[in-house]
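Enquirer: Per the working numbering, residue 3 is the first one in the sequence shown, and the count goes up by one each step.
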Amino acid sequence: MRFRRMPLVEIIFLVLLAAALNWLAQPNEIFLSGNWVFGLVNYLPLYLLFRRYLPDMRIAGWAGALYGVATTLSSYFWLSNFGEFSLWTLSGVSLAYVIFHRAFFRLMYHLLAPSAPMGDGISGGSQINPETPRVPADSPRALFAQNHGPIIFAVAWTAFEFFKSRGYLAFPWNLAAFPFHEILLFNQVADFGGVYLISFAVFLFQGAAGELIHDPNIPPRLSNPAWGYRFASVALILLFAVYGALRIADYSGAAFLVNDPGDDSPAAPADPSLERLRVLLVQQNVDSWAAADPNEGLRTAIDLSLEGILESSSRYSGTPDLIAWSETSLRYPYQPGNRYYDRNPSPISLRDFLAFSSMELITGAPIYKSIDPLIVYNGSIHIDERGRLLGEYGKVQLIPFAEHIPFSDFALLSRFLEEVIGLPPSGWTAGDETRLFTLGNGLSLGTPICFEDSFSKNTRYFVRSGADLLLNLTNNAWSKTNSAQMQHLVSARYRAIENRRILLRSTNGGVTSIIGPDGRILSQIPMFEEDYLLAEIAFRRDDTQTVFTRYGDWFAWLMTALLVGFLSVRYREI
């Protein structure tokens, strides 16, 4: 097919079409769980954008910037509800995505434009000079891009997803795999190569389909690279399905609920090989930022817990083994010698509740480690019925420009933020290590806080340290949107599959749920309602570690290495 330069109107149309399709594919306010049909085509416009093709690298950069801001504002508009940090968080994410996508689109132009300027890179202005020598269209360098577009596209975009999901500004939401989160057969391979292996299959499929649209007259022969990639993408999906069927069979009895709420069937027969854990996950639905009384959420959590304990006594003839409250349920630090929680909240104080319940509690709370220098963690704590502090964990992955502002420890910057900009510098400090909580029955829990369960490396560290289960404590109530809660839940599902561990989620506004090791949502309660989730989980305790748990994002690193290899091919002098 003869390549042609694309007019500006067509470029803008393809960019905005891709952003719209991506919004429809991911969890949104129309399709709350996302829509996998749109997930099959949401990157097609971008593939055609690079193949048909952009006039120069400068235009490619501006196209990337437009895509970055369009996808950010459409998918993450709820960041505007992030209290006094809303402007800075939304603008910060938008700016980061503009920069990331601008650089990436320039890189993709360099990789896929079959006759890119000779020796041009992802910087400099000579690429828009018509006098710049160009690579001959029939040279090996140009033919490589022409014949291997789908694999270049898949490798590069997988590496890009991995890149934007790491580091201080990382935000691993809305990945290419996420529209397919409900197709469990397709997702089981995450325990082998992580979520990025699934994203790669999506990119390869769409790249192969895009090549068919780009040049529909290619003969359907395996010897032809374009058709070879089409067959390879379908074969990869079928391979995932076979692997998924085998893994689902392996884990079909690995975890289930006994007397699921609303289920009148008798309890499953006792099986000595199964562990049992009775949990009470509380969802108080109180926006702690807007509440005038700092103890309102805590009071609601105690009231809901008491209701759950009574129901547990009726349904199971016993009390829960564990009560879990969400992130920031305690607004003030908990210290065994501090008398604040002897009298707060009223009418039932926290210590009175613990003594009455005779159960262990894991809850979100600030953790003060020192005053000078000030070290405060956004943490989770483990308390027994006597009020003793059994363990604590400080959140490692902080939200940039909200929980932590770079260099805000310096007095001059801190004063500038408060007095000039009006933004209070955050007092949170990143935790320094992974810590587990051990329950009275011997089970070990890892407690990723808030969006830490969206990061594969964080949950992997908990499991490598010996966690039998994962418990996420989240406060997304401030978002005031269902799509924000669902985007978080979708990301979390992959952590359960990657490590083959049950993931409990106790949230302030949603989605409070229990996710099985195969990604099934065993139980959940409605979002933005005061409620609790009471369940007894029977599960197979498994000390083995998956390939992903052992080796992490090896596949994503492989794609990054291949991308470097592709770049070296394009830079090589002919």
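All C-beta atoms in this analysis are idealised placements derived from N, C-alpha and C, irrespective of residue type, glycine included.
Which runs of the alpha helix (DSSP H) at least 4 residues long sit entirely within the stretch 314-376? Give them in chain order.
Expert: If we require 4 residues or more, the alpha helix (DSSP H) runs fully inside the stretch 314-376 come out as 342-345 and 352-359.
Enquirer: Can you tell me whether residue 232 is buried or exposed? The criterion is at least 16 other CB atoms within 10 Å of its CB, across all chains shown.
Expert: When all chains shown are included, residue 232 counts as buried.
Enquirer: Measure the C-alpha to C-alpha separation of residue 244 and residue 251 and round it to an integer number of angstroms.
Expert: Each residue's Cα considered, the two are about 11 Å apart.
Enquirer: Smallest Cα separation from residue 476: which of 51, 532, 508 and 554?
Expert: Ranking 51, 532, 508 and 554 by Cα distance to residue 476 puts 508 first.
Enquirer: When DSSP labels each residue in this structure, what does residue 398 get in the three-state scheme?
Expert: Three-state result, residue 398: coil.
Enquirer: Count the CB pairs spanning the stretch 320-330 and the stretch 548-568 that are closer than 8 Å, and state whether there are at least three.
Expert: The stretch 320-330 is not in contact with the stretch 548-568.
Enquirer: For residue 24, name the three-state secondary structure that DSSP assigns.
Expert: If DSSP states are grouped into helix, strand and coil, residue 24 belongs with the helices.
Enquirer: Give the DSSP-derived three-state secondary structure of residue 437 in the structure shown.
Expert: Note: residue 437 maps to coil in three-state DSSP.
Enquirer: May I ask you to report which of helix, strand or coil DSSP gives residue 484?
Expert: The answer is helix: DSSP assigns residue 484 an H, G or I state.
Enquirer: Please list, in chain order, all residues of the same chain as residue 563 whose beta carbon is under 6 Å from its beta carbon, the five residues on each side excluded.
Expert: Nothing listed; no residue qualifies.
Enquirer: Terminal residues of the continuous alpha helix (DSSP H) containing residue 230?
Expert: Counting along the chain, the alpha helix (DSSP H) containing residue 230 begins and ends at 227-252.
Enquirer: What residue ranges within the stretch 145-183 form continuous beta strand (DSSP E) runs of no fewer than 3 residues, ordered along the chain?
Expert: Counting whole runs of 3 or more residues, the stretch 145-183 contains no beta strand (DSSP E) stretch at all.
Enquirer: Put residue 507 into one of helix, strand or coil per three-state DSSP.
Expert: Residue state, collapsed to three classes: strand.
Enquirer: Classify residue 380 as helix, strand or coil using the three-state DSSP reduction.
Expert: Looking at residue 380 - three-state DSSP - the assignment turns out to be strand.
Enquirer: Alpha carbon to alpha carbon, how far is residue 200 from residue 337?
Expert: Straight-line Cα distance between these residues: approximately 45 Å.
Enquirer: State the Cα-Cα distance for the pair residue 36 and residue 70, rounded to the nearest angstrom.
Expert: Cα-Cα distance, rounded: 20 Å.
Enquirer: Taking only the alpha-carbon atoms, compute the straight-line gap between residue 39 and residue 26 and give it to the nearest angstrom.
Expert: About 9 Å.
Enquirer: Across the stretch 148-155 and the stretch 464-480, are there enough close Cβ pairs to call them in contact, namely three or more that are closer than 8 Å?
Expert: No: fewer than three Cβ pairs fall under 8 Å.
Enquirer: Which ranges would you report for the alpha helix (DSSP H) in the stretch 542-566 if only whole runs of at least 4 residues count?
Expert: If we require 4 residues or more, the alpha helix (DSSP H) runs fully inside the stretch 542-566 come out as 549-553.
Enquirer: Hey, how far is the Cα of residue 474 from the Cα of residue 11?
Expert: Approximately 46 Å, taken between the alpha carbons.
Enquirer: Counting only beta-carbon separations shorter than 9 Å, does residue 236 have a partner in chain B?
Expert: Annotation note: the requested chain B is absent from the structure, which comprises a single protein chain.
Enquirer: For residue 484, which of 462, 457, 528 and 471 has the nearest alpha-carbon?
Expert: The shortest C-alpha separation from residue 484 is found at 528.
Enquirer: For residue 260, which of helix, strand or coil comes out of DSSP?
Expert: Correct three-state label for residue 260: strand.
Enquirer: Evaluate residue 266 with the Cβ neighbour count: other Cβ atoms within 10 Å of its Cβ, from every protein chain shown; 16 or more gives buried, anything less gives exposed.
Expert: Residue placement at residue 266 is poorly supported in this model, since its pLDDT is 47, which falls under 50; the coordinates still yield a value, given next. So residue 266 ends up on the exposed side.
Enquirer: Just verifying my parser: in three-state terms, what is the DSSP assignment at residue 514?
Expert: Three-state DSSP puts residue 514 in coil, outside helix and strand.
Enquirer: Could you check what DSSP says for residue 533 in three-state terms: helix, strand or coil?
Expert: Strand.
Enquirer: Hey, could you find the ends of the alpha helix (DSSP H) residue 468 is sitting in?
Expert: Note, residue 468: premise wrong, no alpha helix (DSSP H); not H, not E.
Enquirer: Quick one, are the C-beta atoms of residue 161 and residue 561 less than 9 Å apart?
Expert: In this structure, residue 561 lies closer than 9 Å to residue 161 by Cβ.
Enquirer: Does the stretch 163-176 come close enough to the stretch 486-506 to have 3 or more Cβ pairs within less than 8 Å?
Expert: Yes, they touch.
Enquirer: Roughly how many whole angstroms lie between the Cα atoms of residue 84 and residue 378?
Expert: Rounded to whole angstroms, residue 84 to residue 378 spans 21 Å at the Cα level.
Enquirer: Assuming residue 284 and residue 506 make a contact with CB atoms under 8 Å, what is their CB distance in whole Å?
Expert: No, residue 284 and residue 506 are not in contact; Cβ-Cβ is about 12 Å, not under 8 Å.
Enquirer: Under the rule that 16 or more other beta-carbon atoms within 10 Å means buried, what is residue 62, buried or exposed?
Expert: Per the 10 Å Cβ criterion, buried.
Enquirer: Residue 73 bridges to which residues according to DSSP?
Expert: Residue 73 pairs with nothing; no bridge assigned.
Enquirer: Please name the residue in 380, 18, 305 and 347 whose C-alpha comes closest to that of residue 533.
Expert: For residue 533, the nearest C-alpha among the options comes from 305.
Enquirer: With distance defined between alpha-carbon atoms, name the residue in 168, 309, 398 and 448 nearest to residue 536.
Expert: Closest by alpha carbon: 309.
Enquirer: Take residue 479 as the anchor and find which of 459, 497, 462 and 452 has the nearest alpha-carbon.
Expert: Cα-wise, what sits closest to residue 479 is 452.
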